[in-house]
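Please read the structure below before turning to the comments.
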Amino acid sequence: MIPAEEQIQAEKSVIDRQTVVARHNIRITAVDPEHVLTVGNGDFAYNADITGMQTFTDYHDARSAMTRGEVAVNTATMSSWGWHEMPNPAGYVLDDAMSRYETARGSVSYPDRYDMEQAMRGNLTDDNKPGAWLHANPQRIDLGRIGLQLRNTPDSEPETDPGVLTDIEQELDLWTGIITTTFRYSGELVRIETVASPDQARVGFRIDSELLRDGRLTISLRFPYASEGFFQTSDWASPERHTSVLTARGAGGSSILRQLDTTSYRVDLDTNGASITPSQEAHHFTVSTAQTTLELVAAFTPDPTAPREATEAGFAEVKDSSARSWEAFWLSGAAVDFEGSTDPRAHELERRVVLSQYLTAVNSSGVMPPQETGLITNSWQGKFHLEMHLWHAAHFATWGRPELLERSMPWYLSILDQARATAARQGYPGARWPKHVGPDGRESPSPIGSLLIWQQPHPLYLLELLWRASSPEKQAALVQDFAELVQETATFMAAFTEERDGVFHLPSPVMPAQEFYDAAATEDPTFELAYWWWGLEIAQYWRERNGQSRQEQWARVQDNLARPHTDGKRYDAVATEPYLRRDDHPSLLAAFGLVPPTPLIDPSRMDETLREVIDTWDWPSAWGWDFPVLAMTAARLGNAELAIDCLLKDEVKNRHTTVGHNPQMGGILPLYLPGNGSLLAAVSLLAGGSDTTPGAFPKSGWAVKTEGFIPWPSASVEARA
Numbered sequence: 011m012i013p014a015e016e017q018i019q020a021e022k023s024v025i026d027r028q029t030v031v032a033r034h035n036i037r038i039t040a041v042d043p044e045h046v047l048t049v050g051n052g053d054f055a056y057n058a059d060i061t062g063m064q065t066f067t068d069y070h071d072a073r074s075a076m077t078r079g080e081v082a083v084n085t086a087t088m089s090s091w092g093w094h095e096m097p098n099p100a101g102y103v104l105d106d107a108m109s110r111y112e113t114a115r116g117s118v119s120y121p122d123r124y125d126m127e128q129a130m131r132g133n134l135t136d137d138n139k140p141g142a143w144l145h146a147n148p149q150r151i152d153l154g155r156i157g158l159q160l161r162n163t164p165d166s167e168p169e170t171d172p173g174v175l176t177d178i179e180q181e182l183d184l185w186t187g188i189i190t191t192t193f194r195y196s197g198e199l200v201r202i203e204t205v206a207s208p209d210q211a212r213v214g215f216r217i218d219s220e221l222l223r224d225g226r227l228t229i230s231l232r233f234p235y236a237s238e239g240f241f242q243t244s245d246w247a248s249p250e251r252h253t254s255v256l257t258a259r260g261a262g263g264s265s266i267l268r269q270l271d272t273t274s275y276r277v278d279l280d281t282n283g284a285s286i287t288p289s290q291e292a293h294h295f296t297v298s299t300a301q302t303t304l305e306l307v308a309a310f311t312p313d314p315t316a317p318r319e320a321t322e323a324g325f326a327e328v329k330d331s332s333a334r335s336w337e338a339f340w341l342s343g344a345a346v347d348f349e350g351s352t353d354p355r356a357h358e359l360e361r362r363v364v365l366s367q368y369l370t371a372v373n374s375s376g377v378m379p380p381q382e383t384g385l386i387t388n389s390w391q392g393k394f395h396l397e398m399h400l401w402h403a404a405h406f407a408t409w410g411r412p413e414l415l416e417r418s419m420p421w422y423l424s425i426l427d428q429a430r431a432t433a434a435r436q437g438y439p440g441a442r443w444p445k446h447v448g449p450d451g452r453e454s455p456s457p458i459g460s461l462l463i464w465q466q467p468h469p470l471y472l473l474e475l476l477w478r479a480s481s482p483e484k485q486a487a488l489v490q491d492f493a494e495l496v497q498e499t500a501t502f503m504a505a506f507t508e509e510r511d512g513v514f515h516l517p518s519p520v521m522p523a524q525e526f527y528d529a530a531a532t533e534d535p536t537f538e539l540a541y542w543w544w545g546l547e548i549a550q551y552w553r554e555r556n557g558q559s560r561q562e563q564w565a566r567v568q569d570n571l572a573r574p575h576t577d578g579k580r581y582d583a584v585a586t587e588p589y590l591r592r593d594d595h596p597s598l599l600a601a602f603g604l605v606p607p608t609p610l611i612d613p614s615r616m617d618e619t620l621r622e623v624i625d626t627w628d629w630p631s632a633w634g635w636d637f638p639v640l641a642m643t644a645a646r647l648g649n650a651e652l653a654i655d656c657l658l659k660d661e662v663k664n665r666h667t668t669v670g671h672n673p674q675m676g677g678i679l680p681l682y683l684p685g686n687g688s689l690l691a692a693v694s695l696l697a698g699g700s701d702t703t704p705g706a707f708p709k710s711g712w713a714v715k716t717e718g719f720i721p722w723p724s725a726s727v728e729a730r731a
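Numbering (the working numbering), first residue to last: 11 to 731.
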């Protein structure tokens, strides 16, 4: 049943949302290592191959695929709470990875001693060993693989090549979150349904096949050790380093206790009367039945001592709750319908929009900021990059689903003391937010990340978007709950600036969002200057909402911030030589697009800058979120036609696969959720506009219906009520 508020939304809707969503259900009929389907809820995800389960593990291993000249996406089971730390016999701490920089305020330490190339090659020098351990720990873990074992005869070895399957038909019904898979093996039909719980770490399967009767089809449960690798989730070659203990709980039910060093969790298994037995291989268990139907529900819990729920959910209950939850999701918030457009790109944009909503809801709406590859596979050992949090999650608010953004914001409160300590170590008041972190909030050593600053205003912008999309009652609570965070963030931002002759600069060492400048010699990056002004303005709004006056020093910094460097006609990226590189992120454009109009940016000069960037940039070096940035800048400039051209620019890192993934860097980043989230942010600006400018799509070739979008803020509007 649809919840009452979603039912009201459905009755008011001018868009047939189910029809729009169903147009883009994912259908797969051929094996491809890049195509993995995900079911989950933001804090837990199960990733399935062409069987609807995790059957062909090696085929989807990134390293194995690279040797075949292919790109593969992993089929892991992951969660927001599943983390592990390798033993640390040397006792490395963050101070061991520090270097000192001479600045106008004295000698300051940053944890920059980490060499990624050395770490990946395994030839670390002594001075880089602490940074390498700290960078790789903790790492996110694969909770276990649940797949099929298909055999020609009950005693033969399981198949490892998906090419043995025929008549494949697989579909992810986006409206219900259910994967349905059928195929033939040895002439017999196999049908599988795969579904995840909307609010628990639970995945369910129903398998129908004659192959179950004689053991030619069984279910395999395999558990790996953790991996320190850059993009690996699993180490299958170290069985002695962890334990998996099976305990029976009665007919059709068992539990497996997992222990990896100091990390432990439990897997509860419920079936429709099937048997669960250990195999001869360590950490490997088999589920089998003599019936033609096998149902299995696996529930993962981070506390092995936690009691099981009084009412256990079987497959039917998990399936039903998934369908109800996803229907409520699609009926909530905003929607856009491009049906009737004659521009041939409209259908593809709608496909990307629908699939990106699904993927970000599954991967980016949890209680912590997500990693760039979500809960699908690991990048940077599964840690999250706080400068990407805005791209992952800002759109939840502008699409009218603020509750999905709100889930992750209390995490910043949990690490506020660490952020204060970082600022204090560098001689500042307030709180400085890190870039590259795990769940504990400890900064990871990096010669780039430790000097990056554009993540600093993010919590302020995210909170502002959340506030604008919330009810008055929720707004009042947010202002109270996050007052300290806002105050401490802005306090650092104002103090970080350096005053010279009455002008406030963003001084070196500073790394711009375009990460290829010499941080020790770089000052006043264009995007960061505009974002600094806007972040402080948001903090002023929040003071006023708390009944306080505007903070005088913050206002003084805002009024006297250095103006971005120009060549006389267009903006440069930074105010120091080289003033503009034309590769990597064209982030200077975000100063007028992602950031609303501010006193620092002249729209006509930004228009000239945008056009030159489009014509001269090295686009193969750009990233997935760069194209939506161009689109947002064009939209703020009132050029919807150019915004669409930028959003759908035909470039290698701006493609979206059959399953909606936005791959970057080949097999190293086979998916990239900031590309999905930034696409939705740009579309919401085109659809919902801002406080001062209505939304607009191109007039020629586009028939667009929109509803439910929250306008983006504009600094020129009194938004403090």
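The C-beta atom is built at its ideal place from N, Cα and C for all residues, glycine as well. None of the values given here were measured: they were computed from a predicted structure.
Sheet register partners of E305 (DSSP bridge): Answer is R216.
Looking at the strands, I want to know which residues DSSP matches up with W722. S700
Cα-Cα separation, A585 to A433: 24 Å
Within 10 angstroms of its Cβ, does E547 collect 16 or more other Cβ (buried), or is it exposed? Classification for E547: buried.
Between the Cα of S518 and those of Q490, S207, L461 and Q301, spot the shortest distance and give me the residue it belongs to. L461
Helix, strand or coil for L256, going by three-state DSSP, please let me know. Taken through DSSP and simplified to helix, strand or coil, L256 comes out as strand.
Determine the direct distance from the alpha carbon of R276 to that of T29, and round the result to whole angstroms. 40 Å
Could you tell me if the beta carbon of Q524 falls within a distance shorter than 6 Å of some heavy atom in the ligand MG? No copy of the ligand MG occurs in the structure displayed, which carries no ligand at all.
May I have a chain-ordered list of the alpha helix (DSSP H) segments no shorter than 4 residues that lie completely inside the region 607-674? 613-626, 636-646 and 650-657
Kindly list the residues whose CB is nearer than 7 Å to the CB of G437, restricted to its own chain and excluding five residues on each side of it in sequence; keep chain order. Around G437: R115, G116 and V118.
What span of residues does the beta strand (DSSP E) with H515 cover, start to end? Under the DSSP assignment, H515 falls in the beta strand (DSSP E) whose first and last residues are V513 to H515.
Straight-line CA distance for A505 to Q465? 16 Å
Member of A326, A653, R411 and D152 whose CA lies at the smallest distance from the CA of S274: The residue with the shortest Cα to Cα distance from S274 is D152.
Chain-order list of residues whose beta-carbon lies under 6 Å from that of W552 (same chain, five-residue window excluded): Only V496 meet the Cβ criterion.
Among all the DSSP beta bridges, which residues are the ones paired with E112? S117
Boundaries of the beta strand (DSSP E) in which Q180 is found, first to last residue: T176 to D183
Count the other CB atoms, across all protein chains shown, that sit within 10 Å of the CB of M398; report buried if there are 16 or more and exposed otherwise. buried
Please confirm whether N686 and S366 have their CB atoms less than 7 Å apart. yes
The beta strand (DSSP E) enclosing Y541, as first and last residue numbers: First-last for Y541: T536 to R555, but that is the alpha helix (DSSP H), not the beta strand (DSSP E).
Taking buried to mean at least 16 other C-beta atoms within 10 Å of its own C-beta, is T135 buried or exposed? exposed
Does the beta-carbon of K579 have 16 or more other beta-carbons within 10 angstroms, so that it is buried, or is it exposed? exposed
Within 7 Å, strictly: CB atoms of L610 and R573: yes
Beta-carbon gap between Y56 and T87 smaller than 7 Å: yes
For L647 and W143, the rounded distance between their alpha carbons: 46 Å
Take I651 and list the residues in its own chain whose beta-carbon comes closer than 7 Å to its own, dropping the five residues that flank it on each side. The residue asked about is misnamed: residue 651 is Glu in this sequence, not Ile. Closer than 7 Å at the Cβ level, and outside the excluded window around E651, lie P708.
Shortest alpha-carbon distance to P420 belongs to which of P469, L47 and P455? Residue nearest to P420 within the set P469, L47 and P455 is P469 (criterion: CA-CA distance).
In angstroms with no decimal places, state the Cα-to-Cα distance between S219 and D347. 40 Å
Kindly indicate which three-state DSSP category Y438 falls into: helix, strand or coil? coil
Residues in its own chain within less than 6 Å of I266 by CB, not counting five upstream and five downstream? For I266, where only same-chain residues beyond five positions count, the Cβ hits under 6 Å are S254, L256 and V277.
Using only CA atoms, which one of V489, D534 and D42 lies nearest to R510? D534
Determine the DSSP secondary structure at P140, reduced to helix, strand or coil. helix
Buried or exposed for S614, going by 16 or more other Cβ atoms inside 10 Å? exposed
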